[in-house]
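Here the structure comes first, spelled out in structure tokens, and everything after it is commentary.
In the working numbering, the protein residues as written are 141 to 458.
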């Protein structure tokens with residue numbers, strides 16, 4: 141059960157939390173607390189060969205303060221004498237429109253915008269003029285940002301918002317993972333203790349450890365096969381085979397070396413020398429290609445040494 145939480149539930153929590161943060165992060169850094177403007181463009185074909193371009197310009201006050209003297213500046217390298225500007229009927233405030241003397245700059249001014257208010261304009265111009273047009277938005281309190289292009293200050297402000305939330309999500313998860321991992325390690329250490337006792341000749345103590353562990357919190361492939369080994373050594377071969385069958389069922393398609401060892405012990409106790417020799421060869425091959433844990437090194441196993449010596453004495457003479 142601990143492994144289920146450690147390998148399934150906690151990673152799922154981390155994945156979902158990260159997904160939430162990734163989804164909302166662009167919103168946090170793209171002007172959650174800024175004066176934002178956006179521009180949508182579409183083209184209307186014209187029969188005179190110079191198509192018209194419409195820019196739908198929207199200015200949004202996403203701060204928690206009133207923005208005073210909001211100024212929207214439309215600038216170009218050339219005269220904008222054909223530009224037409226139509227404010228939306230439901231705009232915030234009462235915008236005024238003014239041209240510079242050289243006709244290369246147009247100003248849209250709004251006296252004030254309350255938090256969350258928006259102002260929208262439709263700007264019509266010839267396509268040849270639109271190529272050189274740039275927009276700039278500012279107020280007495282803020283410099284406007286184009287939606288989706290946050291300034292460095294906004295990025296750092298967004299990061300400063302994300303990090304506490306990220307740590308708030310992940311710190312409890314990391315602590316829970318540590319606690320469950322620690323409890324799981326304690327359970328694993330009892331299996332290691334029983335294993336070492338089994339291979340050191342303390343059969344009764346090892347058997348009691350595995351039996352208690354399985355009864356209290358269930359067992360994995362290693363607990364079941366180790367207990368099957370104990371049962372076989374005690375002569376309870378049929379019960380040992382049933383526990384070994386349960387271990388195979390739990391292990392799936394992968395055959396663990398512990399399963400092979402249990403098969404070896406059962407064949408040895410049944411005096412089936414050919415089968416035991418085959419299992420011993422298979423077991424040695426499995427151990428040759430995997431990492432030797434210092435707590436599970438069969439090189440010091442009294443049990444395995446006894447089995448190998450007995451099989452060597454009973455093997456057919458050539």
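Using N, Cα and C, we set each Cβ at its ideal position, and we do this for glycine too. As the structure is a computational prediction, the values presented were derived from the model and not from experiment.
{"Item": "Which listed residue (390, 392, 278 and 376) has its alpha carbon closest to that of residue 406", "Value": "376"}
{"Item": "For residue 364, the nearest candidate out of 227, 398, 440 and 179 (CA to CA)", "Value": "398"}
{"Item": "Cross-strand partners of residue 239 (DSSP beta bridge)", "Value": "246"}
{"Item": "6 Å CB neighbourhood of residue 379 in its chain, flanking five on each side removed", "Value": "371"}
{"Item": "Environment of residue 235 [buried if 16+ CB atoms lie within 10 Å]", "Value": "buried"}
{"Item": "CB contact flag (residue 212, residue 273, <7 Å)", "Value": "no"}
{"Item": "Residue range of the beta strand (DSSP E) that includes residue 179", "Value": "175-184"}
{"Item": "Rounded separation between residue 202 and residue 179 - CA only", "Value": "16 Å"}
{"Item": "Burial state of residue 339, where buried means 16 or more other Cβ atoms lie within 10 Å", "Value": "buried"}
{"Item": "Spatial distance of residue 389 from residue 400 (CA atoms)", "Value": "14 Å"}
{"Item": "Where the alpha helix (DSSP H) through residue 401 begins and ends", "Value": "397-409"}
{"Item": "Sequence-distant residues of the same chain with beta carbon closer than 7 Å to residue 369, five excluded per side", "Value": "338, 401, 402 and 405"}
{"Item": "Neighbourhood of residue 391 by C-beta, 7 Å cutoff - its chain only, sequence neighbours within 5 removed", "Value": "361 and 399"}
{"Item": "Pair within 7 Å by beta-carbon distance, residue 193 and residue 265", "Value": "yes"}
{"Item": "Distance between residue 237 and residue 177 (C-alpha atoms, nearest Å)", "Value": "17 Å"}
{"Item": "Pairwise C-alpha distance: residue 242 and residue 219", "Value": "7 Å"}
{"Item": "Reference residue 255; option with closest CA among 282, 270 and 248", "Value": "282"}
{"Item": "Residue range of the unbroken beta strand (DSSP E) whose run includes residue 365", "Value": "Looking at the DSSP string, residue 365 is not in any beta strand (DSSP E); the run it does join, the alpha helix (DSSP H), is 361-373."}
{"Item": "Opening and closing residue of the alpha helix (DSSP H) in which residue 344 lies", "Value": "343-357"}
{"Item": "Three-state secondary structure assigned by DSSP to residue 269", "Value": "helix"}
{"Item": "Cβ-based neighbour list, residue 270, same chain, cut-off 7 Å, excluding 5 preceding and 5 following", "Value": "193"}
{"Item": "Segment limits, beta strand (DSSP E) that includes residue 200", "Value": "192-201"}
{"Item": "Contact check, residue 204 vs residue 267, beta carbons under 7 Å", "Value": "no"}
{"Item": "Inter-residue CB distance, residue 253 and residue 259 (contact presumed, cutoff 8 Å)", "Value": "7 Å"}
{"Item": "Residues that DSSP places opposite residue 227 in a beta bridge", "Value": "261"}
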